[in-house]
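**Q**
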């Protein structure tokens, strides 16, 4: 496949647009607010820097665009060429003056016109270009990190106690030899994927004495290599280098793509499946209502040492708890899977260098390999091999191009809600529900500015508090929770509203004075996931957030704004372009939700509607794309034991099996579900000989 590239003419247009989103500004605009926390900053250089002047910008932009679907790449090039010529450019700019010839003010007017268009296509164009421009700029400019008061990398990465003098389990990936062009392996069970569900299945089956092989398409990074900055982390640990989006461009989707999957890059939040959700799931999968599921949740929580006992809350987490207490909102601390110890790791979303977070690599897969399981990373499973309703194993291709055939009595597909359907579709399984029912837990962010505080979000735990005040707005468990964001500059940039280049430059440099409230809603919306026709290993997500879920995000945004207001924020910033930034200098102690200026602003927020892709949304949870059920193959791809209706020795054991969205961070639900399914697998293996 030809590598994606742009011509000089196309680059000129892209750079003109990027320099509009992130333009050079007067240094005096930034000088009073630039941080000096990490040493001297040449604020004159920072202020005058823009994407077109940044070494590496073109390469970074191509890296982002190169991961996009082929159709999106073609459309992107068409747009750049339209803008490069006067007779066609007028369609998108309303002017015979080329975009590259316009002043900054003129270009900003054009871009705001795209943003505010009543048509979806210009709004999609606006946010796609915004993400390319801002993400490439933030990722590629270390001095800007210092100006924001961000260290770029973990400050304590070589801490004596937490790292330098600590011994870590040494993994040895199964070596098939450098010259092998085709290998064949026989096992009791092959597990495709290594995330939350896969690790639990591997741990259980090896405890029962079975011979297990785990195949992971991503790469394994030992603790010694987990010293990544944001750019390196996105490129090495995340699906599509952190640039995966729904097909409509409305939602950024983060998904782990490394050994351990999402458990390597998640934020330690360990929430049990809520009782009301279990009752709903139990309507078609009875075990969710039973004691076996209680025992499974207890087991996985205990195995990872999940508790609230040793939490030291960050500024934002304290703010959420204290603000909720003042307002009478239901709120509590979140169990952390950190082995019952204090965990200061604000970079844990880049992988836990200290080996304290008890994800797949540190815990489940380690235990499994100690019992004899084997792991091969950088290996893409092409298909399940099956005929006449029975699977004999899987076919895979390694990154070096060699083929691998694994013969297995049981095939466990646990590639996650994005890739499990693709594997089954490539395998020619025919159930029409494979890939349907996709849930994404849409999120937005509300920021609160605290000019007299240095937030230092990178120092303590990421997500240790939750408010459940609004999480059941319809009596069926659909509504938002308030949590806290993995507050790193790249994610902040995605969720900040853009009104002008100068305002963006001024706002993002205040990074270390912003608290970030995450609003995450259990979605009624559903989507589908399939593979791209010309990229069979790349997921395509057809998902549009419906009106109810967009309304629910507004209700959550109001709740988050209330918390920020009573906790003394001087400015409150939502992701809604139509809602102005709220500003006040009223002392924290004298504030009340009935204050006239705040009530007037909140009324605007309550009447607003999120309009993606103009107003940015995100997702870090993917679920329910290959659901279980007891109503037969006309209802679900899997039975209520986790088996394919079409092929009873193929099991699925990941978040895709959920009947619907979990309503909480799904790791514990996924693991507990996988443990029950693993018990089903071991029961079926029991009559067979063990190796």
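Numbering (my numbering), first residue to last: 510 to 1200. From the three backbone atoms N, C-alpha and C, an ideal C-beta is built for every residue, glycine too.
Does the segment 776-795 come within contact of the segment 985-1000, defined as at least 3 CB pairs closer than 8 Å?
**A** These segments touch.
**Q** Less than 6 Å between C-beta atoms, sequence neighbours within five positions excluded: which residues of the same chain meet that for residue 830?
**A** For residue 830, where only same-chain residues beyond five positions count, the Cβ hits under 6 Å are 840, 974.
**Q** On the criterion of 16 or more Cβ atoms from any shown chain inside 10 Å, does residue 1190 qualify as buried, or is it exposed?
**A** Residue 1190 should be labelled buried.
**Q** Exposed or buried, residue 594, counting other C-beta atoms within 10 Å across all chains shown (16 or more means buried)?
**A** Residue 594 should be labelled exposed.
**Q** Can you list, in chain order, the stretches of the beta strand (DSSP E) that have 3 or more residues and sit fully within the segment 750-818?
**A** For the segment 750-818, whole beta strand (DSSP E) runs of length 3 or above, ordered along the chain, are 760-762.
**Q** Residue 1177 to residue 878, Cα distance in whole Å?
**A** Their backbone Cα atoms lie some 22 Å apart in a straight line.
**Q** Is the segment 678-692 in contact with the segment 1154-1171, if contact means three or more CB pairs nearer than 8 Å?
**A** Touching, no.
**Q** When the distance is taken between beta carbons, is residue 891 closer than 8 Å to residue 947?
**A** No. Outside cutoff.
**Q** What is the residue span of the alpha helix (DSSP H) that residue 926 lies within?
**A** Looking at the DSSP string, the run of the alpha helix (DSSP H) that includes residue 926 is 925-935.
**Q** Hey, residue 953 and residue 1062 are a contact pair by Cβ (cut 8 Å); roughly how many whole angstroms apart?
**A** The pair is a contact, with the Cβ atoms about 5 Å apart (cut-off 8 Å).
**Q** Could you give the distance in angstroms between the alpha-carbon of residue 718 and the alpha-carbon of residue 669?
**A** Looking at the two C-alpha atoms, the distance is approximately 38 Å.
**Q** When the distance is taken between beta carbons, is residue 964 closer than 8 Å to residue 824?
**A** Contact: yes.
**Q** What's the C-alpha gap between residue 531 and residue 739?
**A** About 19 Å.
**Q** Does the pairing of the segment 551-569 with the segment 636-653 give three or more beta-carbon distances under 8 Å?
**A** With the cut-off at 8 Å, the segment 551-569 and the segment 636-653 touch.
**Q** Whose C-beta lies closer than 6 Å to the C-beta of residue 1011 among residues of the same chain, with five residues either side of it excluded?
**A** Answer for residue 1011: 534, listed in chain order.
**Q** For residue 1157, which of 1146, 1165, 1044 has the nearest alpha-carbon?
**A** It is 1146 whose Cα lies nearest to the Cα of residue 1157.
**Q** Can you name, in chain order, every residue of its own chain whose Cβ lies under 8 Å from the Cβ of residue 834, other than the five neighbours on each side?
**A** Result list for residue 834: 840, in chain order.
**Q** Look up residue 575 in the DSSP assignment and say whether it is helix, strand or coil.
**A** Three-state result, residue 575: helix.
**Q** Can you give, in chain order, each stretch of the beta strand (DSSP E) that sits fully within the segment 848-926 and has at least 3 residues?
**A** Counting only runs of 3 or more, we get 883-885, 888-896, 899-907, 912-922.
**Q** Is it buried or exposed for residue 1031, if we count other Cβ within 10 angstroms and need 16 for buried?
**A** Buried.
**Q** Does DSSP put residue 840 in a helix, in a strand, or in coil?
**A** DSSP places residue 840 in strand when its eight states are reduced to three.
**Q** Beta carbon of residue 1131, beta carbon of residue 925: below 8 Å?
**A** Yes, these two residues count as a Cβ contact at 8 Å.
**Q** Quick one: is residue 544 buried, meaning 16 or more other Cβ sit within 10 Å of its Cβ, or exposed?
**A** That one is buried.
**Q** Taking residue 492 as the reference, which of 951, 607, 1105 has the closest Cα?
**A** Outside the shown range of the chain, which is 510 to 1200, sits residue 492, and nothing can be said about it.
**Q** If you draw a straight line from the alpha carbon of residue 1123 to that of residue 746, how long is it in whole angstroms?
**A** One C-alpha to the other measures close to 28 Å.
**Q** Starting from the Cα of residue 680, find the closest Cα among 881, 940, 1084 and give me that residue.
**A** The residue with the shortest Cα to Cα distance from residue 680 is 881.
**Q** Looking at the unbroken beta strand (DSSP E) that takes in residue 945, where does it start and where does it end?
**A** Counting along the chain, the beta strand (DSSP E) containing residue 945 begins and ends at 945-947.
**Q** Can you name the start and end residues of the alpha helix (DSSP H) that residue 744 belongs to?
**A** Run containing residue 744: 739-746, per the alpha helix (DSSP H) assignment.
**Q** Using the three-state DSSP reduction, which class does residue 537 fall into: helix, strand or coil?
**A** Helix.
**Q** Can you tell me which of the three DSSP states residue 1200 falls into?
**A** Its pLDDT being 42, under 50, residue 1200 is placed unreliably in this model, and the coordinates cannot settle the point.
**Q** Give the range of the beta strand (DSSP E) segment to which residue 1079 is assigned.
**A** Premise fails: residue 1079 is in no beta strand (DSSP E) and is neither H nor E.
**Q** Report the option in 809, 619, 1150, 794 whose CA atom is closest to the CA atom of residue 781.
**A** Comparing Cα positions, the closest option is 809.
**Q** The ligand HEM and residue 1054: does the residue's C-beta get closer than 7 Å to at least one heavy atom of that ligand?
**A** Ligands in the displayed structure: none, and consequently the ligand HEM is not present.
**Q** Who are the Cβ neighbours of residue 1097 in its own chain at under 8 Å, not counting the five residues just before and after it?
**A** 1075, 1076, 1077.
**Q** Roughly how many whole angstroms lie between the Cα atoms of residue 529 and residue 613?
**A** In a straight line, the C-alpha of residue 529 is about 6 Å away from that of residue 613.
**Q** Would you check if the distance between the CB atom of residue 1024 and the CB atom of residue 959 is smaller than 8 Å?
**A** Cβ atoms of residue 1024 and residue 959: closer than 8 Å.
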